[in-house]
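Below is one structure, written out as structure tokens, with a few remarks after it.
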Amino acid sequence: MSARLPVPTIPGVHWENVPPAPVLAGVRMDVCAFVGVAPRGPARLPALAERDDGRPCLAAAGAGLRSVYAAVESFDAYRALYGGFEGPGLLPYAVAAFFEQGGVRALIVRIVPTAAALADGIARGTLDGVTAAGAPVTLRARDEGSWGNGLRVNLGYRSAPLALVAPDLTGFELLQAGDAQVGDLLRLRLPGGVLALRFVATIVATPHPNAAGERLWAVLDAPLPAVPVAAERVSGTLQADDGAGRVERHDDLGFDARHPRWLADVLVAESTLLWPETAWSDLGLVPVDAELPEPVALAATAPFAGGADRYAEIVPEDFFDPGWTPGDEEPGAGVQALAQVEELALLVVPDLYSPEPLVAVDPVVPVVSLAGADFAPCFDLPPTAPPALPPAAELDGLRLDPRLPADRERITELQRALVDFADTERRFIVLLDVPPGLSQAAILAWRGAFASAWAAAYHPWLTVARPDDARDALIRIPPAAVAAGIVAREERERGVMFGPANRIAATVLGPVERLDDAAHGVLHPVGINVYRAERDGVRLSAARTLSRDPQWRQLSVRRLVTLIARTLERELQWLVFEPHTAATRSAVRQQLDAFLGRLYRAGAFRGATEAEAYFVRCDESVNPPAVVDAGRLIAEIGVAPAEPLEFIVLRLARDGDGALVVGA
Numbered sequence: 001m002s003a004r005l006p007v008p009t010i011p012g013v014h015w016e017n018v019p020p021a022p023v024l025a026g027v028r029m030d031v032c033a034f035v036g037v038a039p040r041g042p043a044r045l046p047a048l049a050e051r052d053d054g055r056p057c058l059a060a061a062g063a064g065l066r067s068v069y070a071a072v073e074s075f076d077a078y079r080a081l082y083g084g085f086e087g088p089g090l091l092p093y094a095v096a097a098f099f100e101q102g103g104v105r106a107l108i109v110r111i112v113p114t115a116a117a118l119a120d121g122i123a124r125g126t127l128d129g130v131t132a133a134g135a136p137v138t139l140r141a142r143d144e145g146s147w148g149n150g151l152r153v154n155l156g157y158r159s160a161p162l163a164l165v166a167p168d169l170t171g172f173e174l175l176q177a178g179d180a181q182v183g184d185l186l187r188l189r190l191p192g193g194v195l196a197l198r199f200v201a202t203i204v205a206t207p208h209p210n211a212a213g214e215r216l217w218a219v220l221d222a223p224l225p226a227v228p229v230a231a232e233r234v235s236g237t238l239q240a241d242d243g244a245g246r247v248e249r250h251d252d253l254g255f256d257a258r259h260p261r262w263l264a265d266v267l268v269a270e271s272t273l274l275w276p277e278t279a280w281s282d283l284g285l286v287p288v289d290a291e292l293p294e295p296v297a298l299a300a301t302a303p304f305a306g307g308a309d310r311y312a313e314i315v316p317e318d319f320f321d322p323g324w325t326p327g328d329e330e331p332g333a334g335v336q337a338l339a340q341v342e343e344l345a346l347l348v349v350p351d352l353y354s355p356e357p358l359v360a361v362d363p364v365v366p367v368v369s370l371a372g373a374d375f376a377p378c379f380d381l382p383p384t385a386p387p388a389l390p391p392a393a394e395l396d397g398l399r400l401d402p403r404l405p406a407d408r409e410r411i412t413e414l415q416r417a418l419v420d421f422a423d424t425e426r427r428f429i430v431l432l433d434v435p436p437g438l439s440q441a442a443i444l445a446w447r448g449a450f451a452s453a454w455a456a457a458y459h460p461w462l463t464v465a466r467p468d469d470a471r472d473a474l475i476r477i478p479p480a481a482v483a484a485g486i487v488a489r490e491e492r493e494r495g496v497m498f499g500p501a502n503r504i505a506a507t508v509l510g511p512v513e514r515l516d517d518a519a520h521g522v523l524h525p526v527g528i529n530v531y532r533a534e535r536d537g538v539r540l541s542a543a544r545t546l547s548r549d550p551q552w553r554q555l556s557v558r559r560l561v562t563l564i565a566r567t568l569e570r571e572l573q574w575l576v577f578e579p580h581t582a583a584t585r586s587a588v589r590q591q592l593d594a595f596l597g598r599l600y601r602a603g604a605f606r607g608a609t610e611a612e613a614y615f616v617r618c619d620e621s622v623n624p625p626a627v628v629d630a631g632r633l634i635a636e637i638g639v640a641p642a643e644p645l646e647f648i649v650l651r652l653a654r655d656g657d658g659a660l661v662v663g664a
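Take 1 as the starting number for the sequence shown in UniProt numbering and just add one per residue.
Okay, here's the thing in structure tokens:
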């Protein structure tokens, strides 16, 4: 942990500067993941690899990822990546509610059908003006959905003069390093004005034929028919527009896979609209015309085609990965894409099932005015029917009616799978929605299916009206999404130790069902967190988990202990490399005392003194010789949160293989 001075060899007083133990900083607990259905956004990623210089590129073979998460820090950022409210899912409403309550960071997982080939539903288009091995060059939309049919792309060129020194049919000398690089496309002018295109295949240092030392020689990929008289370096500029406000421009592109800004690799690393196709991602692109004409305007290019929304094909099984097992090094699909994500603290799955379709989007009928410049009698046009719209896409495969016993059992089974995942990971809380439309008896029966401190339940569903939504109606949204934002805001403003109860739900018009005191009095003791309509707004009245153990009934307690455990796991990694000595144990104890003391002074623990609020043991009592001989180091930490009164004990253990484990 610290570098000590050599043992003194002469008499006298010698100072040894031993740095203090690092301060445990704590971890954030306000990051919420949302898993659901969106019109677009990252999903079904192709397999990726790395080139020798570390650049990401498409892999020649291998399975990609059906589900990935992306972080957003505002609803505008979400809308730019995943679209708005045009789809049939509740995901955008849930994410919007989270940010409106005060959340600041969300992780999004878009669900797409499992049973589909990589090409299904993905729009494709041709990049005009170039070929790859004589074949057309195809690009595809970054992800599936009809949104990709609005994509248009064009490719332009820029050329810069390049000095030719001692050229021959196979290459030329460079005046200085950097004048050209491997993979550069060159336009060479031959005698008679003939133009030829060649790539720089390699640059070698050779003995200078007319002077001492070496020269840099650029070798062309193919011999020329005549010695060139002039040369230009050619780079590309690719523009893309999705027709809905998202525009990209990629400059200084190379046309060969050896180029540091090879067009295919730039799209892999930088684009949010396009992927290259694997078929040409390792080939060179050759302009069809060495004159390098100006590109066709984006508006005049052919749009992509083949994109399709496959909402009806999504089923509940798509939210899970049956092949994933705890401890897998690679993340799974569905919610399992979030396995081992360190910053994740809350999980909401608003589209796990669809209790009812959303209100259809009304067609916009333009008003035609017959008014002229002068006053004249008015005539009414006969009414015309609005334009026919295709049938609205629905989540038919997710439709489950909680009022039907069989469907309610299926919903409960799916929610139990979420809770099982949270129980396995032991790093985040899954927030559940009580299924809508249930009687009080049915709610209590539903509650009986859960017994976990890693889950919390919210009731009833809430209504919102959004000015930026084309649906001209109130929308029922899952209450857990609103709770997630409230929890996140409370953690940032006051600390994780304060329960997010008795807080106003911003922008919520009201609960779908108004509960009186009697109904509330039945649900609160069993851990159902209820929203109540009050004079000043809709309030979240409680913050409890679904645990049946009294010491874990408060959400703030579970999250506080999780905060401590996650902080120790992250901040005590230095311990893995230290010998088991009294000095090491003392350093661990000092760090833990300082960290818990700060939490105590912030109001996290109950007790008149620190000794009443927490304890730390990291001595021979928990580290007997057998533990030391096995290469282990154990520290026990007891904390007394404001609720409950008893100590909750955590054990920090460094195993003989170096693994650091914190258990509670």
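Positions of the beta carbon are idealized from the N, C-alpha and C atoms, including for glycine.
This structure is a prediction, so every number in the text was calculated from the model and none was measured.
Pick from the options that is closest to residue i, judged by C-alpha positions
i, options, result
"Val288", "Val512, Gly134, Asn529 and Ile564", "Gly134"
"Arg606", "Val557, Pro223, Ala211 and Ala196", "Val557"
"Pro42", "Ala80, Cys32, Ser74 and Asp76", "Ala80"
"Asp282", "Pro56, Glu620 and Val37", "Pro56"
"Ala71", "Ala33, Ala602, Asp143 and Val348", "Ala33"
"Leu395", "Tyr353, Gly245 and Phe615", "Tyr353"
"Tyr614", "Gly597, Asn210 and Pro331", "Gly597"
"Pro293", "Pro326, Thr237 and Glu342", "Thr237"
"Ala393", "Ser146, Thr114, Arg28 and Arg105", "Ser146"
"Thr301", "Thr272, Pro355, Pro136 and Val153", "Val153"
"Pro355", "Trp324, Leu400, Glu413 and Arg447", "Leu400"
"Glu636", "Val628, Ala445, Val588 and Ala96", "Val588"
Beta strand (DSSP E) segment containing residue i, residue limits
i, result
"Phe172", "Gly171 to Leu174"
"Tyr311", "Segment: none, Tyr311 is in no beta strand (DSSP E) and carries neither H nor E."
"Trp275", "Leu274 to Pro276"
"Val616", "Tyr614 to Arg617"
"Pro287", "Leu285 to Pro287"
"Leu292", "Leu292 -> no beta strand (DSSP E), and no H or E assigned at all."
"Pro402", "Taken as a continuous stretch (DSSP letters only), Pro402 belongs to no beta strand (DSSP E), as it is neither H nor E."
"His250", "Val247 to Leu253"
"Leu431", "Ile429 to Asp433"
Separation of residue j from residue i, as counted between CA atoms
i, j, result
"Asp423", "Leu563", "16 Å"
"Leu162", "Asp52", "28 Å"
"Arg110", "Ala141", "16 Å"
"Val538", "Val464", "12 Å"
"Pro435", "Ala132", "54 Å"
"Ser541", "Val522", "13 Å"
"Pro207", "Gly150", "55 Å"
"Pro225", "Arg261", "29 Å"
"Val508", "Ala480", "13 Å"
"Trp461", "Trp552", "25 Å"
"Ala264", "Glu277", "8 Å"
Test item: CB-CB of residue i and residue j under 9 Å
i, j, result
"Arg198", "Ala222", "yes"
"Ala345", "Asp120", "no"
"His459", "Asp433", "yes"
"Ala505", "Val482", "yes"
"Ala290", "Arg187", "yes"
"Gly638", "Gly495", "no"
"Ala406", "Leu431", "no"
"Met497", "Ala626", "no"
"residue 737", "Ala484", "Past the boundaries of the shown model lies residue 737; the chain is included only from 1 to 664, so the question cannot be answered."
"Leu139", "Trp275", "yes"
"Ala339", "Pro326", "yes"
"Val35", "Gly87", "no"
"Ala212", "Gly171", "no"
"Val27", "Glu425", "no"
"Leu555", "Arg471", "no"
Delimiting residues of the alpha helix (DSSP H) encompassing residue i
i, result
"Glu409", "Pro405 to Glu425"
"Gln239", "Here Gln239 belongs to no alpha helix (DSSP H); instead the beta strand (DSSP E) covers Ala230 to Asp241."
"Phe75", "Phe75 to Tyr82"
"Ala635", "That residue, Ala635, is in no alpha helix (DSSP H); its beta strand (DSSP E) goes Leu633 to Val639."
"Pro625", "Pro625 to Asp629"
Proximity test, Cβ basis, 9 Å: residue i and chain C
i, result
"Ala594", "As a matter of chain content, chain C is missing from the structure shown, which is built from one protein chain."
Q) Taking the runs of the alpha helix (DSSP H) that are 4 residues or longer, which of them lie wholly in the segment 164-213? A) none
Unbroken beta strand (DSSP E) runs of length 3 or more, entirely within the segment 531-593: which are they? 537-540
Within the segment 320-364, ranges of the beta strand (DSSP E) (whole runs, at least 3 residues): 346-348
- Message: Restricting to runs no shorter than 4 residues, where is the alpha helix (DSSP H) found entirely within the segment 79-136?
- Response: 91-101
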